[in-house]
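Below is one structure, written out as structure tokens; comments come after it.
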Amino acid sequence: MAKLMPYEEYKKTGLDWIDEIPTHWKIKHTRYLWKERKETNYVEEQLLSVTINKGIVSQSELLSTTAKKDSSNLDKTKYKLVLQNDIAYNKMRMWQGAVGVSKFRGIVSPAYIVLKPIKEINHHYYHYLLRTPNYIGESYRFSYGICDDQLSLRYEDFKGMSIIVPPKEEQDQIAKFLDNRLSKINRFIKAKKRQIEFLKELKQAIINQAVTKGIDPNVPMKDSGVNWVKEIPTHWKIKHTRYLWKERKETNYVEEQLLSVTINKGIVSQSELLSTTAKKDSSNLDKTKYKLVLQNDIAYNKMRMWQGAVGVSKFRGIVSPAYIVLKPIKEINHHYYHYLLRTPNYIGESYRFSYGICDDQLSLRYEDFKGMSIIVPPKEEQDQIAKFLDNRLSKINRFIKAKKKQIELLKEYRTSLISAVVTGKVDVRHIPIKDTDEFIEDMADEEESEDAFKEEIGDRRC
């Protein structure tokens, strides 16, 4: 960004969403560039979706890569035709960025607006411009409704919005420049995500190794006699879980803080969960039947234990009556068992002990949990393993946090670069653009190998 220079002269736009543009650029109403397309009854065309993150994608791709379900109607006769280079936007979500230029021919829901170009323009340039935060904010100003969830940007209002119109050859250069530069940024982001996935796999491998085999690589092993772990150290024991815990059923502690049992983190305070996610408070007003949880108790979600919704609590609080709470009856290292209970193998074993006619209805009752087998190392080894894992995983977690921060900064840079270039804050007319392949060699230095991570963090073996 520091090397990109501004244009020589600018003029004021008189618009809220952009203060000035290069002197030779124009401002037009959007109706100068597009008009509404209303063709319907193309039922054999592929279904398209307009997303906030990517713009327009095929619905088959969306359904295969997300948890979304097909919400289209069986009757497609009123669905609108979209041709390549058309714009489509979600009337109710344009103000959140659900807009894009289509690379596909297909059909979209009647609730979407489809726009066909009526001037010679670079469609990719306008894909970038329409999705900038400033233009999305302008669409919010032109949308109508009594609250955000009911806002709608009708075509009659969209066509009155103003749009930047650089000369066509500059649109082409800007689009080519951004395609080229963003391909490099996106590959950096993809490389960081791969590194994070590797670190997560490494973390899980270290946990699995330590909690089932200990931290001494030379210890003699024996057959465990259970399905979910093949071997354990010779001096370790296998017990039923009722040897370590029994159910806690105390209720009527309505003043205690609410706790949630999550798949990703185990037990967290519900206030933390609601502040860091999009989840809503699903607790009942009547808390008299909620179960007490003390520090170092285990709690698990009966319906989701087989997905990993289990953990040892660091808090005192209460949980839904649908959860099982377990209090320790032996001297154990609670942190060691937090790691063990959340390993994929033990979670898989909980699936085997759960009952129901389908996965969505599986339940692990306490009567079944107490018959499950559990590893019982000597207490001093539990302490050593927990300390070892706390130390080793804290380092890996710092790496993961650093990688996530780098991704966040790259995304921020990507957004600022797009905004600066498409609005004319910087001049890219004279920057030579080569093929995207020129960046392949640059990326080689960026993508740290797995071997490099192992050397810096430590090998999977304990």
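Numbering-wise (my numbering), the sequence shown opens with residue -17 and increments by one.
Glycine residues also receive a C-beta, built at the ideal position from the N, C-alpha and C atoms.
Residue environment, residue i, which counts as buried when at least 16 other CB atoms sit within 10 Å
{"i": "ALA384", "result": "exposed"}
{"i": "PRO326", "result": "exposed"}
{"i": "ALA93", "result": "exposed"}
{"i": "ASN283", "result": "buried"}
{"i": "GLN277", "result": "exposed"}
{"i": "PRO199", "result": "exposed"}
{"i": "ARG286", "result": "buried"}
{"i": "HIS451", "result": "The requested residue 451 does not occur in the structure, where the chain is confined to residues -17 to 444."}
{"i": "PRO4", "result": "buried"}
{"i": "HIS320", "result": "buried"}
{"i": "LEU391", "result": "exposed"}
{"i": "PRO202", "result": "exposed"}
{"i": "GLU331", "result": "buried"}
{"i": "GLN66", "result": "exposed"}
{"i": "GLU420", "result": "Residue confidence is low: GLU420 scores 38 on pLDDT, short of 50, so the model does not pin down where it sits. No coordinate-derived value is stated."}
{"i": "ARG136", "result": "exposed"}
{"i": "ALA304", "result": "exposed"}
{"i": "TYR333", "result": "exposed"}
{"i": "ILE95", "result": "buried"}
{"i": "MET76", "result": "buried"}
{"i": "ARG380", "result": "exposed"}
CA nearest to the CA of residue i, picked from the options
{"i": "THR233", "options": "ILE300, LYS141, ILE146 and VAL211", "result": "ILE300"}
{"i": "ARG176", "options": "LYS393, ILE389 and ILE415", "result": "ILE389"}
{"i": "LYS377", "options": "LEU181, GLU2, LYS166 and LYS(-15)", "result": "LEU181"}
{"i": "ILE171", "options": "LYS386, ILE367 and VAL410", "result": "LYS386"}
Contact belief for residue i with residue j at Cβ below 8 Å, rounded distance in angstroms
{"i": "VAL404", "j": "PHE159", "result": "Actually they are not in contact, since the Cβ atoms of VAL404 and PHE159 sit about 10 Å apart, beyond 8 Å."}
{"i": "GLU307", "j": "LYS273", "result": "For the record, residue 307 in the displayed sequence is Val; it is not Glu. Sure, about 5 Å apart at Cβ, within 8 Å."}
{"i": "TRP(-1)", "j": "GLY119", "result": "6 Å"}
{"i": "ASP279", "j": "ARG230", "result": "6 Å"}
{"i": "VAL32", "j": "VAL90", "result": "7 Å"}
For residue i, the first and last residue of its enclosing alpha helix (DSSP H)
{"i": "TYR333", "result": "326 to 335"}
{"i": "ALA513", "result": "Since the first residue of the chain shown is -17 and the last is 444, residue 513 is not available in this structure."}
{"i": "GLU349", "result": "348 to 351"}
{"i": "TYR24", "result": "From DSSP, TYR24 is part of no alpha helix (DSSP H); its letter is neither H nor E."}
{"i": "TYR321", "result": "316 to 323"}
{"i": "HIS412", "result": "Here HIS412 belongs to no alpha helix (DSSP H), and DSSP marks it neither H nor E."}
Terminal residues of the beta strand (DSSP E) in which residue i lies
{"i": "LEU308", "result": "305 to 310"}
{"i": "HIS222", "result": "219 to 222"}
{"i": "HIS11", "result": "8 to 11"}
{"i": "TYR(-8)", "result": "-8 to -6"}
{"i": "PRO4", "result": "2 to 4"}
{"i": "ILE103", "result": "Run containing ILE103: none; DSSP gives neither H nor E here."}
{"i": "ILE356", "result": "355 to 358"}
{"i": "PRO215", "result": "213 to 215"}
Residue i at chain B interface by Cβ criterion, 8 Å
{"i": "GLU238", "result": "Of the chains in the structure shown, none is chain B; there is only one protein chain."}
Whole alpha helix (DSSP H) runs in the region 124 to 188 with 4 or more residues, listed along the chain?
137 to 140
At what residue ranges does the region 240 to 303 contain a whole run of the beta strand (DSSP E), taking only runs of 3 or more?
241 to 244, 248 to 251, 273 to 275, 280 to 283, 292 to 294 and 299 to 301
Residue ranges of each beta strand (DSSP E) within the region 31 to 101, 3 or longer:
37 to 40, 62 to 64, 69 to 72, 81 to 83, 88 to 90 and 94 to 99
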